[in-house]
Amino acid sequence: MPRDSLTITDNRTGRTYEIPVEHNTIRAFDLRQIKTDPEDFGLMAYDPAYTNTASCKSRITYIDGDRGILRYRGYPIEQLAEQSTYLETAYLLVKGELPKPSHLKAFDQNIRLHTIIHENIKKFIDGFHYDAHPMGILVGTVGALSTFYTDAKRIFDAESRRIQTHRLIAKMPTLAAFAYRHSIGMPYAYPDNDLSYTGNFLNMLFKMTELRYRPNPALERAIDVLFIIHADHEQNCSTSAMRGVGSSQVDPYSAIAAATAALYGPLHGGANEAVIRMLMEIGSKERVPEYVKRVKAGEIRLMGFGHRIYKNYDPRAKICRRIAGEVFEVTGPNPLLDIAIELERIALADDYFITHKLYPNVDFYSGIIYQAMGFPMDMFPVLFAIPRTSGWLAQWIEMLQDEEQKIARPRQIYLGPEKRDYVPVSERPE
Ligand code: CMC
Numbered sequence: 168m169p170r171d172s173l174t175i176t177d178n179r180t181g182r183t184y185e186i187p188v189e190h191n192t193i194r195a196f197d198l199r200q201i202k203t204d205p206e207d208f209g210l211m212a213y214d215p216a217y218t219n220t221a222s223c224k225s226r227i228t229y230i231d232g233d234r235g236i237l238r239y240r241g242y243p244i245e246q247l248a249e250q251s252t253y254l255e256t257a258y259l260l261v262k263g264e265l266p267k268p269s270h271l272k273a274f275d276q277n278i279r280l281h282t283i284i285h286e287n288i289k290k291f292i293d294g295f296h297y298d299a300h301p302m303g304i305l306v307g308t309v310g311a312l313s314t315f316y317t318d319a320k321r322i323f324d325a326e327s328r329r330i331q332t333h334r335l336i337a338k339m340p341t342l343a344a345f346a347y348r349h350s351i352g353m354p355y356a357y358p359d360n361d362l363s364y365t366g367n368f369l370n371m372l373f374k375m376t377e378l379r380y381r382p383n384p385a386l387e388r389a390i391d392v393l394f395i396i397h398a399d400h401e402q403n404c405s406t407s408a409m410r411g412v413g414s415s416q417v418d419p420y421s422a423i424a425a426a427t428a429a430l431y432g433p434l435h436g437g438a439n440e441a442v443i444r445m446l447m448e449i450g451s452k453e454r455v456p457e458y459v460k461r462v463k464a465g466e467i468r469l470m471g472f473g474h475r476i477y478k479n480y481d482p483r484a485k486i487c488r489r490i491a492g493e494v495f496e497v498t499g500p501n502p503l504l505d506i507a508i509e510l511e512r513i514a515l516a517d518d519y520f521i522t523h524k525l526y527p528n529v530d531f532y533s534g535i536i537y538q539a540m541g542f543p544m545d546m547f548p549v550l551f552a553i554p555r556t557s558g559w560l561a562q563w564i565e566m567l568q569d570e571e572q573k574i575a576r577p578r579q580i581y582l583g584p585e586k587r588d589y590v591p592v593s594e595r596p597e
């Protein structure tokens, strides 16, 4: 009997099956042969929220949640955050290798070429209500881009995929910044392609009447590092949305709109906003123990804590904590930081958090940094969506090139009524 296999005995029939094990995984479809009689549909695996199901094979991002390890294409996140730039990291994710100097220059140039959005998209943004959430505007406008670039439907054409990749990475900051300017009633600031990717983003957000906007280099670098650590995180909710919707062979703008919508939720990209609301509700360091008591009683959750995969300190949270210090040297301190540090100190020493393996995640400190830099809370998930675009695209391209992938279509266990006959409304009792 081969060692890399699983022997299953079906106690309903007494029959034994041998199922191959590859990469520490069995193929769920191999269970289908397990039947009580020839008419039986066969055994399925039930896994709501896919907590123990691998939906793909991937070569992009590696996470070891127990040890707090995150790597893109093999490179540790700490090294990328220290030494790389967001655009270089985006290249790495999408193409699989770090670029040669000339390739990085060309990639950077191609992104700069595509930062401007069609004037009609600007009119869409004008049409949103003055207090529209910028994430809602982003979902709508990125989806609308599919109607401007009809060549994007050629998803199996490598050249078309390359151009859409450049367009999406380039235009997401412009859409995001325009959504922000709309929400505060300011005229849109057009891209300045002499600035870096993140420098230009800050320009489109914060330029006032000056002829040329000059970003603060420390803040420009801080945003760039935050973009690096948010660029990919393997098969999370929004990436699964990207792959799931993309598996219908729709264009990438529509799939990115779906992924952005998934990121909008408070349990995913909206958690850093929830952290700020929580810290404001706590109000002072002295009130932390009382708040932790309510968390332990199950009344509320500690936002920015816990993760489906990390059962250790999220390595991105460590980087965020370091950046917070650097940003506060420029902006002055954010009083919420003291409360956050106290909360972390108390929680990490508490039995409830230790036994539940709850540690700070990336969102615990990122919101405090964004707030200190002058971003309103509504913009926090948008600041997540911009860099995650490169990760979504990398995963989408990998999915399209994977011969084992098909349109995503999970099964269900039907527990509804058996067949019954329709009764006209006039004959139904009140
Ligand atoms: N505060 C208090 N208890 C918690 C928390 C928390 N933040 N997170 C999990 N638990 C407890 C939970 O009550 C449960 O306890 P018990 O087993 O005694 O009933 C246990 O831990 C397992 O919780 P779960 O909900 O089954 O865990 P999950 O893997 O489904 O949830 C999570 C992961 C991130 C949704 C959850 O930890 C959470 O709601 N955290 C707060 C929201 C947050 O910070 N989200 C950002 C995630 S990181 C950014 C991203 O990737 O988008």
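Numbering of the sequence shown is given in our numbering, commencing with residue 168 and proceeding in unit increments. Just so it is clear, CB atoms sit at the ideal spot from N, CA and C, and this is done for glycine as well. Predicted model only: the values in this text are computed from it and were never measured.
If only complete runs of 3 or more residues are kept, the segment 417-454 shows no beta strand (DSSP E) anywhere.
Using a C-beta cut-off of 8 Å, the segment 387-401 makes contact with the segment 361-369, since at least three inter-stretch Cβ pairs fall below that distance. The Cβ atoms of L237 and P482 lie closer than 8 Å to each other.
The residue among G303, Q331, S225 with its C-alpha nearest the C-alpha of H190 is S225.
Annotation: the segment 319-407 contains the following complete segments of the alpha helix (DSSP H) (minimum length 4 residues), in chain order: 325-350, 364-373, 384-396. Inclusion of M470 in the 7 Å shell around the ligand CMC follows from its C-beta lying nearer than that to a non-hydrogen atom of the ligand. Sequence-distant Cβ neighbours of S172 in its own chain, meaning closer than 8 Å and more than five residues away, are E185, I186, P187, V188. For secondary structure counted as the alpha helix (DSSP H) over 4 or more consecutive residues, the segment 258-297 holds these complete runs in sequence order: 268-280, 286-294. Around the beta carbon of A422, a 10 Å sphere encloses 16 or more other beta carbons of the protein chains shown; the residue is thus reported as buried. At least 8 Å separates the beta-carbon of R379 from that of Q562. The alpha helix (DSSP H) runs lying completely inside the segment 174-233 and spanning 4 residues or more number zero. It is roughly 6 Å from the alpha-carbon of I304 to the alpha-carbon of A346.
No Cβ-Cβ contact shorter than 8 Å links I535 with L515. The residues G411, S414, in chain order, have a CB closer than 6 Å to that of A575 in the same chain once the five nearest residues on each side in sequence are set aside. Here S222 has Q402, S407, R410, A575 as same chain residues with Cβ atoms under 8 Å from its own Cβ, once five neighbours each way along the sequence are excluded. Spanning the alpha carbons of K586 and V306 requires a straight line of approximately 40 Å.
Taking 8 Å as the cut-off, the Cβ atoms of T332 and V261 count as close. By the beta-carbon neighbour count (other beta carbons within 10 angstroms, threshold 16), P543 is exposed.
For I476, no alpha helix (DSSP H) segment is defined, and its DSSP state is neither H nor E. For G352, same chain residues with a beta-carbon under 8 Å away, outside a window of 5 residues either side, are Y297 in chain order. Collapsing the DSSP output to three states places I574 in coil. Between the beta-carbon of L247 and that of I476 there is about 19 Å, and that puts the pair past the 8 Å contact cut. Between the segment 311-330 and the segment 283-298 there are three or more C-beta pairs closer than 8 Å, enough to call the two in contact. In this structure, DSSP gives S313 a helical state, which the three-state scheme calls helix.
Annotated three-state conformation of P548 is helix, per DSSP.
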